[in-house]
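Asks: Here you go, one structure.
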Amino acid sequence: MKGEPVEHIPDGYAISESVNGVVSLVKARPGLIQPREVAIVETILKRHPKHHNYRVSVKRDRIEIYERVGLDASDLTRIVGIGILDPGMRERIDTETERYSQFTPILRLIIRDTDARIFSAQRMCYRSWVDGWLDLHDSGKIEPLARRLIPRLGTEAFFELF
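Be aware that the sequence shown starts at 3, since it is given in this note's numbering, and climbs by one per residue.
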């Protein structure tokens, strides 16, 4: 912890928590993303078969989707073969996995035209020639864009996007 503890949040600042649980004091900035747009992305993400492996974060001009790093509870219990023998064990594994999981950004939807509400998309790329965000050359309204991209999360088809 740095600096002196404060009794209240200073004017012009806000408390922010990352998807990985890091709490920060940040400058308050007006966001360009509407709550309805975030709700659309979250609703589409909840339909994904492995929705529990993803988190949504809203930045000033974008919606970012983060993916769990490593195994989730389903993968772990399947590999180890527990859960069939001890139903309570699966619940404990779910709780602990959720508690200690880390998430990394995988997809972002960036507002490009605030009047027309047009978004573009980027995905994280881990190749040596592009180590960072890769423009998907796909844009449009948030709902059709999210419907095209979110179902591909966690599949080989996602990494074929560019």
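Cβ atoms here follow ideal geometry from the backbone N, Cα and C, with glycine treated the same way.
Please give the ranges of any beta strand (DSSP E) in the region 17-67, keeping only runs that are unbroken, at least 3 residues long and fully inside the region.
Replies: 25-29, 56-61
Asks: Is DSSP giving Ile11 helix, strand or coil here?
Replies: Your numbering for residue 11 matches position 9 in the sequence shown. In the structure shown, Ile11 sits in coil (DSSP, three-state: anything other than H, G, I, E or B).
Asks: Distance, Cα to Cα, Glu6 vs Pro12?
Replies: By 1-based counting over the sequence shown, the position of residue 6 is 4. By 1-based counting over the sequence shown, the position of residue 12 is 10. If I take the Cα positions, the gap works out to 13 Å.
Asks: Whole beta strand (DSSP E) runs in the region 104-152 with 3 or more residues, listed along the chain?
Replies: Entirely contained in the region 104-152, the beta strand (DSSP E) runs reaching 3 residues are, in chain order, 105-115, 120-128, 133-142.
Asks: For Glu162, name the three-state secondary structure that DSSP assigns.
Replies: For the purposes of this step, residue 162 is taken as residue 160 along the sequence shown, with counting starting at 1. In the structure shown, Glu162 sits in coil (DSSP, three-state: anything other than H, G, I, E or B).
Asks: If you compare alpha carbons, which of Asp140, Phe105, Thr45, Ala16 is closest to Leu111?
Replies: For the purposes of this step, residue 111 is taken as the residue at position 109 of the sequence shown. Among Asp140, Phe105, Thr45, Ala16, the Cα nearest to that of Leu111 belongs to Asp140.
Asks: Buried or exposed, going by whether 16 or more other CB atoms sit within 10 Å of the CB of Val21?
Replies: Position 19 of the sequence shown, counting from 1, holds the residue named residue 21. Val21 is buried by the Cβ-count criterion.
Asks: Please name the residue in Glu145, Gln104, Asp137 whose C-alpha comes closest to that of Gly72.
Replies: Mapped onto the sequence shown, residue 72 falls at position 70. For the residues Glu145, Gln104, Asp137, the minimum Cα distance to Gly72 belongs to Gln104.
Asks: Given this structure, state the Cα-to-Cα distance separating Glu162 from Ser122, to the nearest angstrom.
Replies: For the purposes of this step, residue 162 is taken as the residue at position 160 of the sequence shown. For the purposes of this step, residue 122 is taken as the residue at position 120 of the sequence shown. The straight-line gap from Cα to Cα measures roughly 17 Å.
Asks: Closer than 7 Å by C-beta to Asp145: which residues in its own chain qualify, once you throw out the five before and the five after it? Chain order, please.
Replies: Numbered from 1 along the sequence shown, position 143 holds the residue referred to as residue 145. The residue you asked about is not Asp; residue 145 is Glu in the sequence shown. Correct list, in chain order: Ile42.
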